[in-house]
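Chemist: Structure below; questions to follow.
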Amino acid sequence: MTVYLNGKFRPIDEARISVLDRGFIYGDGVYELVPVYRRQPYRLPQHLARLQRSLDGIRLANPHRDSEWEAIIHDLITRQGFDDQGVYLQVTRGAAKRDHAFPTDAAPTVFMMSNPLPVVSRDQIEGGVAVVTAVDERWLRCDLKTISLLGNVLARQFAVDHGAVETVMFRNGYLTEASA
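Position in the sequence shown (from 1) plus 105 gives the number in my numbering.
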């Protein structure tokens, strides 16, 4: 599998980030997932707008213009051996000394990979799947797609532990999100 890391495409087993990357140390970053059907990104402008809102929400400058993101994403798609994909991109504040305050001199880390989209079976489409519900106990800025997804990890495991496919989360009587 080919991935993109800080301006270069490379095999995934050659991609490396610093152990001091703030995404690794603090979860200080954002992500976006763009579904791709028949090698065409679905609603890419809307995904890039949401990426921008998430970056703005954590006060991290966008390392690329939309046209640059589009070119990188299309290049990554063409390097994969499958048509229907999920392009995952992540931007962190980069590697810096361990301090909770934002670093002033760190370059952001930009990572992107693509995986085949899971195939939903006809039985699942026609018969549905089991889900469980839970109170959404994650932080209150779920509108920002931050990389600190421990709450989602725990919610997904809750579903697995109960023989379900998904956990659907609610807060104050409103559906907020599913664990995946």
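Note that CB positions come from ideal geometry on N, CA and C, so glycine has one too.
Considering only C-alpha positions, which residue in the set ILE130, ARG148, THR183, HIS169 is nearest to MET106?
Modeler: With distances taken between Cα atoms, MET106 lies closest to THR183.
Chemist: With C-beta atoms as the reference, is VAL141 less than 9 Å away from GLY186?
Modeler: Not closer than 9 Å, so no.
Chemist: With contact counted as at least three CB pairs below 8 Å, one residue from each stretch, are the segment 234-244 and the segment 265-285 in contact?
Modeler: Yes, since at least three Cβ pairs between the segment 234-244 and the segment 265-285 fall closer than 8 Å, the two stretches touch.
Chemist: In this structure, how does DSSP classify TYR60 when only helix, strand and coil are distinguished?
Modeler: The question about residue 60 has no answer, for the chain in this structure spans 106 to 285.
Chemist: Taking only runs of the beta strand (DSSP E) that begin and end inside the segment 221-285, which ones reach a length of at least 3 residues, in chain order?
Modeler: Runs found: 236-240, 271-276, 279-283.
Chemist: Which residues bound the beta strand (DSSP E) around PRO116?
Modeler: It spans 113-116 - the beta strand (DSSP E) in which PRO116 sits, taken as one unbroken run.
Chemist: How about ALA200: is its C-beta nearer than 9 Å to some C-beta of chain D?
Modeler: Among the protein chains of the structure shown there is no chain D, as only one such chain exists.
Chemist: Below 9 Å between beta carbons: does that hold for VAL237 and ALA269?
Modeler: Against a cut-off of 9 Å, the Cβ pair of ALA269 and VAL237 comes out as a contact.
Chemist: Drop a sphere of 10 angstroms on the beta-carbon of PRO223, count the other beta-carbons inside from all chains shown, and report buried for 16 or more, exposed for fewer.
Modeler: Flag for PRO223 reads exposed.
Chemist: Determine whether the beta carbon atoms of THR197 and ASP133 lie at a separation below 9 Å.
Modeler: Yes, the pair counts as a contact, with Cβ atoms nearer than the cut-off.
Chemist: Quick one: what does DSSP say THR107 is sitting in, helix, strand or coil?
Modeler: Here THR107 sits in strand by DSSP.
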